[in-house]
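A short worksheet on the structure shown next.
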Amino acid sequence: MLKFVSLMKLTQKGLDELTDSARRRKVSEDRVAAVGGRSIAFYAVLGQYDFVQVFEMPSVASMMQYVMTARRDGHVEPLLLPAFDTGDWQQILDTFTGEVK
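Here our numbering runs 576 ahead of the position in the sequence shown, where the first position is 1.
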């Protein structure tokens with residue numbers, strides 16, 4: 577499974593409908609499951625972004641399908657980052673043949 581981190585900012589619509597956040601989060605998790613993924617963690621955060629969510633998805637296409645549906649709803653603007661756990665990162669390092677300068 578591929579991992580992704582989503583940094584999300586609330587849009588004006590998201591702010592206007594803030595009290596509906598718990599229901600929307602449930603909808604989000606159901607959509608993730610529908611494309612074969614899993615929401616690993618969800619946090620409300622302080623700073624430049626309002627939320628951070630960590631996903632496991634079977635493919636980049638499934639992540640794209642999920643995020644386009646979420647963006648169409650108009651509550652958040654996400655920044656998606658592919659993520660590598662320490663095992664994946666070590667595997668990348670083990671195959672690295674270039675020299676870092």
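Every residue gets a Cβ at the ideal spot worked out from N, C-alpha and C, and that includes glycine.
Since this is a predicted model, take the numbers as computed values, not measurements.
Over the uninterrupted beta strand (DSSP E) stretch that includes Ser582, give me the two end residues. Looking up residue 582 in the sequence shown gives position 6. Unbroken beta strand (DSSP E) run through Ser582: 578 to 586.
When DSSP builds the beta bridges, which residues end up paired with Ser615? Residue 615 sits at position 39 when you count from the first residue of the sequence shown. For Ser615, which the question treats as bridged, DSSP gives the partners Phe631.
Which of the three DSSP states is assigned to Glu605 in this structure? Here residue 605 refers to the residue found at position 29 when the sequence shown is read from its first residue. Helix at Glu605.
Could you give the distance in angstroms between the alpha-carbon of Val643 and the alpha-carbon of Pro654? Counting from 1 along the sequence shown, the entry for residue 643 is found at position 67. Counting from 1 along the sequence shown, the entry for residue 654 is found at position 78. Taking the straight line from one Cα to the other gives about 8 Å.
Tell me the DSSP secondary structure of Val652 in three-state form. As a working mapping, residue 652 is identified with position 76 in the sequence shown. Strand, per DSSP.
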